[in-house]
Every structure is written in C-alpha cells, then in structure tokens.
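Under this note's numbering, the residues of the sequence shown are numbered 378 to 687, in order. No residue lacks a Cβ here, since even glycine has one placed at the ideal position from N, Cα and C.
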Amino acid sequence: MSAAATIPGIGRPRRLGKALPGAMWALLLLTPAFVSLASVSFYPIVNGLYLSLTNTSLITQEQEFTGFYNYVELWGDPQFWNAWWHTMWFTAASTVLETVIGLGMALILCEAFKGRGLVRAAMLVPWAMPTVVTSKMFGWLFDGQNGIVNYILLHAGLIDQNINWYGSTDTAMITIIIADVWKTTPFMALLLLTGLQTVPNSLIEAARMDGAKGWITFWYIRLPLLMPTLLIAGLFRALDAFRVFDLVYVLTGGGPADSTETLSTLSYKVLFSTLQFGYGSAVSTAMFVTEGIIALVFCLYLIRQIRRAQ
C-alpha cells in the first residue's frame, strides 16, 4: 500500500473539470473572451459616455464634468439635426431600395436555370469590393466633367449639359444612395435567398396545382414565410446604413453645403478636426441611442409577426 493512501484526504487527484460545478467551469473558460470584449467594447462605450458628460477638449486643455450640458447644446444645434435627418433619409432610402431589389434578385436566383451558380458567384462581386474602391469608381462615373453617366445622358438626349452630381445639393445624396444600393444589394439578396430556400416546395407545388399564379403564390405563401428573414435582413442593413461613413467621406466629405453630412462624418469632424472630445462623444452617443431605437422597433415588429404566425 502506498504512503499516499494511508494519509487521510490524499488520494487519486481529481480533474479540475469535475471539481468545479458546470456553470462555474463554463464561466472560467469564457473569462478570456469576456476580458477581450470588455477591453475593446465595453470600456470604450463607458469611456465615451463619460466624455459626453464633460467639456474635454485638446485645444483648451479642459476636462471638467458638465453633466448634460453637451446634450442640451446638441438639442439646439441645427448642424446636428441636419446630419441626423440626412442619416435617417439615407438609411430609409437605401434599406428600402436594397430590400426590394434584393428580393427580386433572390426570387430570380431561387429558380433553376442554366448558369445559376455562376450568376450567384458574380452577384457577390460588388459586395466583396472595398467601400473605398466603390466610392472612387462612382466618383469617376458621376464626374461632372468627364463622367460616363453624363456622357450617356447627353448622347441619349436626356440632358442638355453636364450635371455636377456631387457639387449640387439636389443630386449629391441621390448619387451616394445609388452607390450604396449597387454595393450592398447583393448582401440583401444573399440573405433573402437563404430565407426563400427554407420555404417548403410542397406548399408551392400544391398552390400551383390549385391554379395559383406566380404572384398569388408569392404574396400568400412565400412572403408570409419569408417575413421573419426579411425583417432580420432589414434590421442588419438599417443598422449598417445608419453608421455610413467611408462612402460619404470619400465622395463628398459631407458637402456641398452640408447636404450629405451624416452623424458619422459630423462626429468625426468634431472629434478629430476640432478636437472637442466631450461634444463629439455626445454626438456619437446620440447616434448610438438612435440606432438602439431603430433596433427596438424592428425587434418589436418581428416578435409581433412571429406571434401572429404561431
């Protein structure tokens, strides 16, 4: 008999996984992930909220707690509301257009035809391109002097002279929306195509046997079953569109006359051009709150649709 066996309390060593309860062991394994997320996500959020309650500025070298003073200033700032409305308009227009066009593309790609795999792969090329590359490409296409869009419209007799697309307050935002729709519609089509493929073919075949046409089949069978996927895809796209920055920054920089200024470009200018970290953090916080409201509206409507379907 070994010496260890004769000593009370000393026996065969137990494994750490068996010594700890299941929940504690799981939390222990997740601790590195929690620490990483806290360092790159939670701390910046808390620090940004704190800065929004101060008058921190690298120019005046001030950092005093001012409470909600920045938010009071923000409420009466016409530049902020101008950027807020532009961001909402861009988000609504791009999300609706990309959802409608993406749904049409998904319906086409859901059907069997020769070369469907190649078309599906080619469809993802605009979405895979970096946004900066897309911005420069559309900058050349809609160039006011030598752009191909003006060339085509002039030779088609639709316009009499070149249009300064990015230099006019009437057309600048429209061209940015067109660029965003071209780039991101394949993403929506891919999500909706995945949802369409979950619709049972037996339901569609039964409807066709009963004499239902394509539009009736889509409206009463495919669309209701696709609605949860449609809302989730719309939520992802709306949240992504609301924080648009690189597309606007490269094409117009927020101009002309702040007609394309968004909350992202405004917060960037306040934070890194004027170095007003307190007020810039308040702009970013207001943007975060607005995104939260958008997500809440989508989620409430999604829950309502799921309950209605059940």
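Locate the alpha helix (DSSP H) running through residue i, then write down its first and last residues.
i, result
"serine 644", "640 to 649"
"glutamine 456", "455 to 487"
"threonine 626", "Going by the sequence as given, residue 626 is tyrosine instead of threonine. 623 to 628 is the span of the alpha helix (DSSP H), which, as asked, contains tyrosine 626."
"methionine 506", "No alpha helix (DSSP H) contains methionine 506, which DSSP labels as neither H nor E."
"tyrosine 528", "525 to 532"
Residue i and residue j: beta carbons closer than 8 Å?
i, j, result
"alanine 610", "threonine 476", "yes"
"leucine 569", "leucine 607", "yes"
"leucine 616", "alanine 672", "yes"
"methionine 664", "serine 644", "yes"
"threonine 639", "phenylalanine 467", "yes"
Could you name the residues that DSSP lists as bridge partners for residue i?
i, result
"phenylalanine 442", "Thr431"
Straight-line CA distance for residue i to residue j?
i, j, result
"aspartate 557", "leucine 580", "36 Å"
"isoleucine 551", "tryptophan 402", "54 Å"
"tryptophan 504", "isoleucine 593", "31 Å"
"glycine 632", "phenylalanine 442", "33 Å"
"proline 563", "alanine 460", "27 Å"
"serine 413", "asparagine 424", "16 Å"
"histidine 532", "leucine 518", "15 Å"
"serine 434", "glycine 669", "27 Å"
"phenylalanine 411", "isoleucine 422", "15 Å"
"threonine 511", "asparagine 541", "19 Å"
"leucine 535", "methionine 514", "23 Å"
"tryptophan 458", "methionine 506", "32 Å"
"tyrosine 528", "serine 545", "18 Å"
"leucine 679", "glycine 521", "43 Å"
How would you call residue i, buried or exposed, if buried means at least 16 neighbouring beta carbons within 10 angstroms?
i, result
"tyrosine 420", "exposed"
"arginine 685", "exposed"
"lysine 590", "exposed"
"alanine 489", "exposed"
"methionine 482", "buried"
"asparagine 523", "exposed"
Does the beta-carbon of residue i, which I'm using as the reference point, lie nearer than 7 Å to any heavy atom of the ligand HEM?
i, result
"leucine 428", "With respect to small molecules bound, the structure shown includes none, and the ligand HEM cannot be examined in it."
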